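Okay, structure first, notes after.
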Amino acid sequence: MTVFVLTLIVLAGSYVAGLVGSLTGLGGGVVIIPLLTLLLNVNIHYAIGASLVSVIATSSGSAAAYVKEGITNIRLGMFLEIATTIGAMAGAMLALHIQTSVIAVAFGVILIFSAFMSLRKKKEQINTHKSEWAEKFKLNSQYPTAQGKVEYGVVNVGGGFAMMAFAGVISGLLGIGSGALKVIAMDGIMRIPFKVSTTTSNFMIGVTAAASAVVYLQRGYIDPGLSMPVVLGVLLGALTGSKILVHSQSSQWVRWVFAVIVTFLASQMIYNGINHKI
Amino acid sequence: MASKKTATDVDIQHIIGWILRVGVISSMLVVFIGGCLYLYRHGHEQVHYTDFVGVPGFIHSASGIINGIFTWRGRAIIQAGIILLIATPVIRIIFSAVGFVLEKDWLYTGITMLVLTIILLSALTGNAG
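Sequence lines, in order, name chains A and B. Read in order, the letters of the first sequence correspond to residues 0 to 277 in numbering that gives the first Met the number 0. Read in order, the letters of the second sequence correspond to residues 0 to 128 in numbering that gives the first Met the number 0.
Pasting the structure below:
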């Protein structure tokens, strides 16, 4: 295959990945890595490098909008970034030393998990209880809703912090944003309203990915010829997705279709990983 | 007092939003320009991504990339755009730190500096290990 043909295929595939990724709330990376490794026979190390770069682009692009609206909890994001950056650094180091087949299996498992997380019903919860640690770190805040500003409290800071460190390891190891894990830490463990969890997760993903990208960059994992179509395609796809999202109310069927596709790709990754084909 | 503090928070939000947007747009432009040059020169070569060998030597160091930009090498320009993209969230952290200093929020100035230190450490160990 020539460079030109590969670039066109990757550009088109990344566009679709970015589009569907932004409609379902999953990052583009979850489709990019199977596309590159399974379909185009790209070494998983290059795939992880390219995916990581696209994750930074989409996260920074969408975080810019949310931050201006004032939904993102910047202090909470900064505080939890301590955990995710340490985790990401550890994950990136780990990726250099473990077998690619193990990475492929781990990727498949996280993929299935993320797909099912995206199917979950999103119910906005408001927790007014404020824990001592949340007060100490000024994590309690407010966010704008249609009914005006709503105050919320944060609980279980330690548990959330630990979960964030794990999300960071996964992100550094697999080259994805691991947004699903970040949302669990904030929405599930720390009882933060869903809208704040997702936007703050998005805000953090860029920094988490940058922490591992600096390691990958020096290791020569980030190949410009491959990253170029991935990053341009995913970003354009995500932009289109966010435009569609504004005009349509329900995207539940998209989530279902995507969950099925992702599960299929994930089982392929796991199968190939176990048979040492990756 | 309370209202004054929120006003500064909103200012920081606007600056951070602006940095993220400008960073992404400019890096994508650089990647696009580099991509066009790369395809023009190497579009008809065969791809070789099956085995991991790492990136070519001339884009593996800062001096190599800078040299490559001046000699219009596509991949060096793409790599410069990608480095700009990776730097965007890091620049965002630096501006948050400045914002927290202006708010005299020393706890968060410290937290922000700590995150920055971890990323720098990550960059250094990546080189050494």
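Each residue gets a CB set at the ideal place from its N, CA and C atoms; glycine is no exception. This structure is a prediction, so every number in the text was calculated from the model and none was measured.
Within chain B, the residues that residue i reaches when beta carbons sit closer than 9 Å
i            : result
residue 0/A  : 45, 46
residue 81/A : 110, 113, 114, 117
Spatial distance of residue i from residue j (CA atoms)
i             : j             : result
residue 12/A  : residue 28/B  : 20 Å
residue 20/B  : residue 274/A : 43 Å
residue 63/B  : residue 82/B  : 13 Å
residue 252/A : residue 32/A  : 23 Å
residue 269/A : residue 51/B  : 20 Å
residue 116/B : residue 0/A   : 43 Å
residue 97/A  : residue 53/B  : 17 Å
residue 50/A  : residue 34/B  : 17 Å
residue 95/B  : residue 87/A  : 21 Å
residue 46/A  : residue 61/A  : 23 Å
residue 11/B  : residue 111/B : 14 Å
Cross-chain neighbours of residue i in chain A, by beta carbon under 8 Å
i             : result
residue 38/B  : 2, 3, 6
residue 50/B  : 42
residue 111/B : 77
residue 95/B  : 73, 77
residue 19/B  : 59, 60, 62, 63, 66, 205
residue 129/B : This structure leaves residue 129/B out entirely; chain B is present only between 0 and 128.
residue 63/B  : Chain A residues near residue 63/B: none, gap ~12 Å exceeds 8 Å.
Opposing strand residues paired with residue i [DSSP bridges]
i             : result
residue 140/A : 151/A
residue 45/B  : 1/A
Reference residue i, options the options, closest by Cα
i             : options                    : result
residue 267/A : 44/A, 5/A, 36/A, 86/A      : 36/A
residue 122/A : 133/A, 195/A, 180/A        : 195/A
residue 87/B  : 16/B, 110/B, 9/B, 32/B     : 16/B
residue 21/A  : 259/A, 111/A, 242/A        : 242/A
residue 272/A : 94/A, 17/A, 99/A           : 99/A
residue 84/B  : 228/A, 212/A, 224/A        : 212/A
residue 19/A  : 244/A, 144/A, 265/A, 264/A : 244/A
residue 277/A : 5/A, 191/A, 34/A           : 34/A
residue 236/A : 135/A, 172/A, 10/A, 199/A  : 10/A
Interface residues of chain B facing residue i [CB-CB closer than 7 Å]
i            : result
residue 67/A : 12, 13, 16
residue 45/A : 48, 51
Per-residue contacts from residue i into chain A (C-beta, under 9 Å)
i            : result
residue 87/B : 55, 56, 59, 205, 209
residue 57/B : None at all; the shortest Cβ gap to chain A is about 11 Å.
Under 8 Å from the C-beta of residue i: neighbouring residues of chain E
i             : result
residue 222/A : In the structure shown, chain E cannot be found, because the protein chains are A and B.
Residue i: contacting residues in chain A (beta-carbon distance under 7 Å)
i            : result
residue 92/B : 206
Given 8 Å, three or more beta-carbon pairs between the region 89-100 of chain B and the region 200-211 of chain A: yes
Given 8 Å, three or more beta-carbon pairs between the region 181-189 of chain A and the region 60-67 of chain A: no
At least 3 beta-carbon pairs within less than 8 Å: the region 154-168 of chain A vs the region 75-83 of chain A: yes
Meets three-Cβ-pair contact criterion under 8 Å: the region 100-110 of chain A and the region 227-237 of chain A: no
Sufficient close CB pairs (3 or more, under 8 Å) joining the region 113-130 of chain A to the region 13-32 of chain A: yes
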